[in-house]
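Chains H and B are the protein sequences, given in the same order.
At position 364 of the first sequence the residue is numbered 364 (this note's numbering), and the sequence of numbers has no breaks.
Just add 1000 to wherever you are in the second sequence, counting from 1, and you've got this note's numbering.
Don't be surprised by glycine CBs; every beta carbon is placed ideally from N, CA and C.
Protein chains: 2
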Amino acid sequence: MPLVVQKFGGTSVGSLERIRAVAQRVKATRDAGNDVVVVVSAMSGETNRLLALGAELSGRPPRREMDTLVSTGEQVSSALLSIALTEGGAPAQSLTGHQTRIFTDGVFSKARIRRIDVEPMRSSIAQGVIPVVAGFQGLDAVGNITTLGRGGTDTTAVAVAASLGADICEIYTDVEGVFTTDPGVCKEAHKIDRVTFEEMLELASLGAKVLQIRSVEVGMKYGIPIHVRSSFSDAEGTIVGGNDSLESVVVRGVALDRNEVKCTIRALPDHPGVVARVFEALAENSISVDMIIQTAALDGRTDLTFTVTQTDFDATRDVATRAAQEIGAGEVSLDNSVVKVSIVGAGMRSHAGVAARMFRMLADHKINIDAITTSEIRVSCLVNQAHGDQAVGALHAGFGLTRNSQ
Amino acid sequence: MPLVVQKFGGTSVGSLERIRAVAQRVKATRDAGNDVVVVVSAMSGETNRLLALGAELSGRPPRREMDTLVSTGEQVSSALLSIALTEGGAPAQSLTGHQTRIFTDGVFSKARIRRIDVEPMRSSIAQGVIPVVAGFQGLDAVGNITTLGRGGTDTTAVAVAASLGADICEIYTDVEGVFTTDPGVCKEAHKIDRVTFEEMLELASLGAKVLQIRSVEVGMKYGIPIHVRSSFSDAEGTIVGGNDSLESVVVRGVALDRNEVKCTIRALPDHPGVVARVFEALAENSISVDMIIQTAALDGRTDLTFTVTQTDFDATRDVATRAAQEIGAGEVSLDNSVVKVSIVGAGMRSHAGVAARMFRMLADHKINIDAITTSEIRVSCLVNQAHGDQAVGALHAGFGLTRNSQ
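Dropping the structure here:
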């Protein structure tokens, strides 16, 4: 019998009415001849409510206690959904992280799953009882409750699917699937039917918030196709992974990331090790660097530009200023009026000149490019935020992503 | 170092402000040179909120799921109190039922504790970290979450104290202690300084709701004195158990139970086995019988009266009516206009004529007695509810329980 793992996010179980609707969907899937394992998030708002309680008691609450506190959210929704399922004629039982035996490392608030004991879920299925797993949580080697970080229930779901060798992992959310670009930015945006894991990884890390990036990594590693779809309709969503179409399109989507800050250090001495020292200092302070541009040396001096995320604005200014003094460089400036526009598509591998076409499209719209990075299946350009939406629209149309052109 | 177990009820941890106050009290106890283990209830209202969610989804929600659902209440308060304690300079860590390893039987919603593994608490104490145990919950032999029933956190606390061999178990609640009678019924009621376990058992079962009766049984069995006191003041409360005073008073308290229903079956055939058949039928339907009176036989027929609790009103009427037909008895009538007034005191053992004094006092007030039961340390009379408060006042004064007369 096919085995389907279904994950329901916070808005999908956000009220008792929604929980009843989810129960009907799960039952329909089972009645259609599948074994089903369900993974649930906390009811929407609940995790924030619990975090606020802890934060009110302490500016630096112990992370172990915060994990114990917030993990109750998923325990509640898993029990409620089990009640609704049983009431609806599909016997079900909740399984907390410790009952499912989802073992993680000991890093509270962002633990990583090490292994899942499939026996509790298998035994439940064998008795005709649907297991409803509390997502987002696990236990460490000494029995502490851990949580996987924001969006962790996606990771729980795909990891559960991988450990059970499920046929598919369905991620039910409040959007229809993965879009060619942000519909709020470009009206022409539309749902993508299929993306590869690699494309999804690039899209997820670029700000398409429908799937936690770690869950995509797990899906890719274990070859579990992920179906991202809406819990508010029966429409098909986006299949991530699964069988690729024979001929992949060149560009699958256009991403816009407003979270970038550009930092420039002027007049660095052009000596070996100077640039390395700057990035060592950033790494020591856990600041992740995205794009890097170094201008050619002039008079033995060079300018260095890199981008970081908005949350690291203050830390970057402090670290870069100290590093600049240390190495005898000039002025340090930060600029958060930039955005990153990216095109993503597995087809780029076999199609030459995609980057050049992108630069030409932007130039035709008189959009200046501050910096460029590329991967095998992605090209990203830093542009002024005033041109962000325009750039997305131009690329979306230019690479034939409007619905009629596909 | 002395070991103190402190239990805080729902109103004691009913808000973040109250949780901070509890943290200060726990820290003060530790700073005074004690090892402390804390046991907490859910924040007041939380258990009812969770029960209502489950009840809204199903008229008969699976008990396993309801236990998983409501047990989150204590998990939340134990984490919050641990955060407040750590913030206040007394490192603490929460322990859920499964982390404390409180093993129970598998009877959901009213499980009984089988054994407690002291190692997790001992290990926490040894590291200078105060264990904050989530009350009311445990796990069964196969790892399901169970709960102990209403007031179960008292039982958790005393059982934890017994398993650790604690010097005392302090139960913090929203009243000052155990009273000579209900202050709402008799203004002369006042706090009792000490009661024996047996007296407390009689008082608890008679409606003094300050302590769950099972916790008193555990305290008595393992010789753990229980100090019932207010979390809203520093005043001493009532010590249950502990060293008895040399000379015990005759009557320690007067209890009023408004929960009785009187059932009368008329004209039973006066044959062996007829009465037994009635009580067998009641027992088969899990109806607990309290008082029993059988009148002398007249013309080979006898009347049988017994009392049950209000919650069993409908079931009792049905069962008694069927049994009456089966055995060829007459009319069955139920009357819930009765209350039970009781006097309790270990001193009765050595003082003759206490029951007679009670009947005389009631007679002097022209209060008619419908039925009587006695134990070694208790005498109970069933009277009309119109005379309940008056009976309590008369006995409270008559047995010298007003403060000046002690």
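- With respect to the 9 Å criterion, D174 of chain H and S231 of chain H are classified as neighbours on the basis of their beta carbons.
- If you check the CB distance, S71 of chain H and I145 of chain H come in under 9 Å.
- Listed by position along chain H, the residues whose Cβ is nearer than 9 Å to that of V1076 of chain B are L50, L53, T68, L69, T72.
- Restricting attention to alpha helix (DSSP H) runs no shorter than 4 residues, the region 152 to 201 of chain H encloses them at 152 to 164, ordered along the chain.
- Contact check between the region 1152 to 1162 of chain B and the region 1125 to 1136 of chain B: three or more CB pairs, one atom from each, fall below 8 Å, which counts as touching.
- With a threshold of 16 other beta carbon atoms within 10 Å, T1311 of chain B falls short and is exposed.
- Look at G1345 of chain B: its C-beta is not under 9 Å from any C-beta on chain H.
- Against chain B, the CB of H351 of chain H has no partner CB under 9 Å away; the residue lies outside that interface.
- Counting along the chain, no alpha helix (DSSP H) covers H227 of chain H; the unbroken beta strand (DSSP E) around it starts and ends at 226 to 230.
- With a 10 Å radius around the Cβ and a threshold of 16 neighbouring Cβ atoms, D1067 of chain B comes out buried.
- Here the C-alpha atom of L1362 of chain B lies approximately 10 Å from the C-alpha atom of C1381 of chain B.
- For V383 of chain H, the enclosing beta strand (DSSP E) stretches over residues 378 to 384.
- Here A1092 of chain B really is in contact with S1082 of chain B; their C-beta atoms are around 4 Å apart, less than 8 Å.
- Within the same chain, and ignoring the five residues on either side of V261 of chain H in sequence, the residues whose Cβ sits closer than 8 Å to its Cβ are T307, V308, T309, Q310, D312, F313, T316, L334, D335, N336, V338.
- The C-beta distance from G54 of chain H to E65 of chain H rounds to 7 Å, short enough to meet the 8 Å contact threshold.
- Under the 9 Å criterion on CB atoms, Q99 of chain H is classed as interfacial with respect to chain B.
- For K1262 of chain B, no alpha helix (DSSP H) run applies; the uninterrupted beta strand (DSSP E) run containing it begins and ends at 1260 to 1269, by DSSP.
- Distances from the CA of V1250 of chain B to each of B:G1300, B:E1199, B:P1002 were compared; the closest alpha carbon is that of B:E1199.
- For A1055 of chain B, the uninterrupted alpha helix (DSSP H) segment begins and ends at 1046 to 1057.
- Of the other Cβ atoms in all chains shown, 16 or more fall within 10 Å of the Cβ of A1084 of chain B; this residue is therefore buried.
- For A320 of chain H, none of the residues of chain B pass the 9 Å Cβ criterion, the least Cβ distance being about 34 Å.
- Identification of chain H residues near L1148 of chain B by a Cβ-Cβ cut-off of 8 Å yields none; the smallest Cβ-Cβ distance measures about 17 Å.
- DSSP places I116 of chain H in the uninterrupted beta strand (DSSP E) bounded by 113 to 116.
- If the five residues before and after R114 of chain H are omitted, its C-beta is found closer than 8 Å to the C-beta atoms of F103, T104, D105, all from its own chain and listed in chain order.
- In summary, the residues of the region 1 to 19 of chain H whose CB is separated from some CB of chain B by less than 8 Å are L16, I19, in the order they occur in the chain.
- Scanning its chain for C-beta atoms nearer than 8 Å, with the 5 sequence neighbours on each side dropped, one finds around M1220 of chain B the residues F1197, E1198, L1201, G1241, in chain order.
- In terms of Cα proximity to R1258 of chain B, the closest of B:A1320, B:E1236, B:Q1385, B:G1149 is B:Q1385.
- With fewer than 16 other Cβ atoms inside 10 Å of its own Cβ, E376 of chain H counts as exposed.
- With a cutoff of 9 Å on beta-carbon distance, A1079 of chain B and S1058 of chain B are scored as not near each other.
- Close partners of R1064 of chain B in chain H (Cβ separation under 9 Å): A79, S82, Q93, S94.
- Cβ-Cβ distances below 6 Å link G1009 of chain B to S1041, T1173 in the same chain, with the five nearest sequence neighbours on each side left out; the list follows chain order.
- Here V278 of chain H carries a helix assignment [DSSP, helix/strand/coil].
- Nearest CB-CB separation between G1143 of chain B and chain H: below the 9 Å threshold.
- Note on the region 1067 to 1120 of chain B: whole alpha helix (DSSP H) runs with a minimum of 4 residues are 1072 to 1087, 1097 to 1100, in chain order.
- Considering only beta carbons, no part of the region 1103 to 1131 of chain B lies closer than 7 Å to chain H.
- Close to chain H, meaning a Cβ-Cβ distance shorter than 8 Å, is no residue of the region 1153 to 1186 of chain B at all.
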